[in-house]
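Novice:
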Amino acid sequence: MSTAELLLHPIRLRIVQALLDGRTATTAQLRTLLDDVSPATLYRQISTLADAGVLEVVSERRVRGTVERTFRLVVERAQVTRDEAEAMSSDDHRRAFLVFVAQLLADFDAYLDDPHRRGLAEDVVGYRQVALDLTDDEALSLVTEMAQLLTRYQELGPGEGRRRRLFSRIIMPVGGLEGGDADSAAGE
């Protein structure tokens, strides 16, 4: 199974997201976080990720006659490499993107259904789309600078007064126009 197939399964993706940023969790804690997933399915998906080396056991302890394992994400194994992404077919990318967007929608639905939410402005929630006219080098520079900025904030980690927030990013060229604006290209 390719890394993309492994990670882009909806339930496995949620398990990976729960363990981002060095977080650890027991199977029982993951069951609480993913309470809409049947225990058998959750255990099977945790096992699949562990067998693939994406999750590793960091501790074990006896609890009521069973062994409770605590897992952490092996970040290096939880990423689709550039070569793997390039080898994916257009249909593979469509399926991967669908899983990504479906998970984003599920996360937003969960936020909207949260009885403790205060409101978009107070919770600093938003969604925006911006079109930028950039060369490939400028786009790469933007992505690099954003990654550096996000890393700085990721390193803060959990703490007093902090809430876990998702920041999702999609960047792609659109329109196919090069070397001018839409008005001048349309008149040619």
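In this note's numbering, the protein residues as written are 850 to 1037. Beta carbons are placed, not taken as given, at the ideal position from N, Cα and C, and that holds for glycine. Quick caveat, the model's predicted, so the values are computed rather than measured.
From what residue to what residue does the beta strand (DSSP E) around Phe-1016 run?
Specialist: The residue labelled residue 1016 in the question sits at position 167 within the sequence shown. No beta strand (DSSP E) contains Phe-1016, which DSSP labels as neither H nor E.
Novice: Taking only the alpha-carbon atoms, compute the straight-line gap between Gln-1003 and Leu-961 and give it to the nearest angstrom.
Specialist: Stepping through the sequence shown from its first residue, residue 1003 is reached at position 154. Stepping through the sequence shown from its first residue, residue 961 is reached at position 112. Computed Cα separation, rounded: 24 Å.
Novice: What number of angstroms, rounded off, separates the C-alpha of Leu-954 from the C-alpha of Val-948?
Specialist: Residue mapping note: residue 954 aligns to position 105 of the sequence shown, counting from 1. Residue mapping note: residue 948 aligns to position 99 of the sequence shown, counting from 1. Roughly 10 Å separates the two Cα atoms.
Novice: Leaving out five residues before and five after Ala-927 in sequence, what residues of the same chain have Cβ atoms less than 6 Å from its Cβ?
Specialist: Along the sequence shown, one-based indexing puts residue 927 at 78. Here the set comprises Val-865 and Val-903.
Novice: According to DSSP, what are the bridge partners of Glu-905?
Specialist: For the purposes of this step, residue 905 is taken as residue 56 along the sequence shown, with counting starting at 1. According to the DSSP secondary-structure assignment, Glu-905 is paired through a beta bridge with Arg-921.
Novice: Shortest alpha-carbon distance to Val-929 belongs to which of Leu-855, Ser-887 and Val-906?
Specialist: Here residue 929 refers to the residue found at position 80 of the sequence shown. Ranking Leu-855, Ser-887 and Val-906 by CA distance to the CA of Val-929 puts Leu-855 first.
Novice: Tell me the rounded alpha-carbon separation between Arg-977 and Leu-969.
Specialist: Numbered from its first residue, the sequence shown carries residue 977 at position 128. Numbered from its first residue, the sequence shown carries residue 969 at position 120. Each residue's alpha carbon lies about 13 Å from the other.
Novice: Quick check for students: name the residue ranges of the alpha helix (DSSP H) that lie wholly in the segment 932-1003, counting only runs of 4 or more.
Specialist: 939-962 and 985-1003
Novice: What three-state label does DSSP hand Arg-861 in the structure shown?
Specialist: One-based indexing of the sequence shown puts residue 861 at position 12. If DSSP states are grouped into helix, strand and coil, Arg-861 belongs with the helices.
Novice: Taking Arg-1013 as the reference, give the member of Ser-908, Leu-1005 and Ala-936 with the closest Cα.
Specialist: Numbered from its first residue, the sequence shown carries residue 1013 at position 164. The residue with the shortest Cα to Cα distance from Arg-1013 is Leu-1005.
Novice: DSSP three-state label for Ala-874, please.
Specialist: For the purposes of this step, residue 874 is identified with residue 25 of the sequence shown, where counting begins at 1. The answer is strand: DSSP assigns Ala-874 an E or B state.
Novice: For a test of the three-state rule: what should DSSP assign to Arg-911, helix, strand or coil?
Specialist: For the purposes of this step, residue 911 is identified with residue 62 of the sequence shown, where counting begins at 1. The three-state reading of DSSP puts Arg-911 in strand, counting E and B together.
Novice: Output yes or no for whether 8 Å exceeds the beta carbon distance between Thr-897 and Val-906.
Specialist: Counting from 1 along the sequence shown, the entry for residue 897 is found at position 48. Counting from 1 along the sequence shown, the entry for residue 906 is found at position 57. No, the pair does not count as a contact, with Cβ atoms beyond the cut-off.
Novice: Please classify Gln-894 as buried or exposed, where buried requires at least 16 neighbouring CB atoms within 10 angstroms.
Specialist: The residue labelled residue 894 in the question sits at position 45 within the sequence shown. Buried is the call here.
Novice: I need the straight-line Cα distance from Asp-958 to Leu-983, nearest angstrom please.
Specialist: On the sequence shown, residue 958 is found 109 positions in, with the first residue counted as 1. On the sequence shown, residue 983 is found 134 positions in, with the first residue counted as 1. Whole-angstrom Cα-Cα distance: 33 Å.
Novice: Using a Cβ-Cβ cutoff of less than 8 Å, which residues in the same chain neighbour Met-995 once the five nearest sequence positions on both sides are dropped?
Specialist: The residue given as residue 995 occupies position 146 in the sequence shown. Once the five neighbours on either side are set aside, the close Cβ partners of Met-995 are Arg-1018.
Novice: Tell me whether Arg-863 is buried or exposed, calling it buried when 16 or more other Cβ atoms sit within 10 Å of its Cβ.
Specialist: Locating residue 863 in the sequence shown gives position 14, counting from the first residue. Arg-863 is buried by the Cβ-count criterion.
Novice: Which residue's Cα is closest to the Cα of Ala-936: Gly-975, Phe-1016 and Thr-852?
Specialist: Counting from one through the sequence shown, the residue named residue 936 turns up at place 87. Among Gly-975, Phe-1016 and Thr-852, the Cα nearest to that of Ala-936 is on Thr-852.
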